[in-house]
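Asks:
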Amino acid sequence: MQLEKSALTIAAIAIAAIAVASPTFASSGGSLPWEGPLEQIQESITGPVAGYIALAAVAIAGGMLIFGGELNDFARRLVYVVLVAGILLGATTIVGLFGATGASIGVTAEQIIGPDQSREREGAL
Numbered sequence: 000m001q002l003e004k005s006a007l008t009i010a011a012i013a014i015a016a017i018a019v020a021s022p023t024f025a026s027s028g029g030s031l032p033w034e035g036p037l038e039q040i041q042e043s044i045t046g047p048v049a050g051y052i053a054l055a056a057v058a059i060a061g062g063m064l065i066f067g068g069e070l071n072d073f074a075r076r077l078v079y080v081v082l083v084a085g086i087l088l089g090a091t092t093i094v095g096l097f098g099a100t101g102a103s104i105g106v107t108a109e110q111i112i113g114p115d116q117s118r119e120r121e122g123a124l
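For the sequence shown, numbering that gives the first Met the number 0 begins at 0 and goes up steadily by one.
(1) Using alpha carbons as the reference points, say which of R76, A10, L88 lies closest to I40.
(2) DSSP on F66, reduced to helix/strand/coil?
(3) Have a look at A10 and A16 and give me their C-alpha separation to the nearest angstrom.
(4) Out of I12, V83, F97, point me to the one whose CA is closest to L54's CA.
(5) Taking the alpha helix (DSSP H) that S43 falls in, what are its first and last residues?
(6) Can the beta-carbon of G81 be found closer than 7 Å to that of A56?
(7) Given M63, which residues of its chain have a CB within under 6 Å of its CB, disregarding the five upstream and five downstream residues?
(8) Less than 7 Å between the C-beta atoms of G50 and T92, yes or no?
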């Protein structure tokens, strides 16, 4: 009898916990605490100021390697690190110059009905 009572109590507590937690399970996410700072870092890295800094870093590091004369091993490695960092920061700008954007999943209206018909359709809307 005691075992049956404790099993019933545990079952009731489990059902209550699931009922209370179900709105949490149904939430769509997107509210993780580290998403805000990561989005700010992404905007800082891909912004126009970062592109100018990357261009300056590549130009200065390249100039030091070409016209720097005799650099010791540490200075040469430091220049290489600056050069690679400049290239990595400017990678999104460089890729954007070639017309590439982010991933596109699915088929657009232009791919289905053609670009001329999609323009006519946009004018009708």
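Yeah, the Cβ is synthetic: ideal placement off N, Cα and C, and Gly gets one too.
Replies: Working from what's here:
(1) Nearest Cα to I40 within the set R76, A10, L88: L88.
(2) If DSSP states are grouped into helix, strand and coil, F66 belongs with the helices.
(3) For A10 and A16, the distance between alpha carbons rounds to 10 Å.
(4) Of the candidates I12, V83, F97, the one whose C-alpha sits nearest the C-alpha of L54 is V83.
(5) S43 -> alpha helix (DSSP H) spans 34-45.
(6) In the sequence as presented, Gly is not what sits at residue 81; that position holds Val. Yes. Within cutoff.
(7) So the list reads V78, once near-sequence residues are dropped.
(8) Taking 7 Å as the Cβ cut-off, G50 and T92 qualify as a contacting pair.
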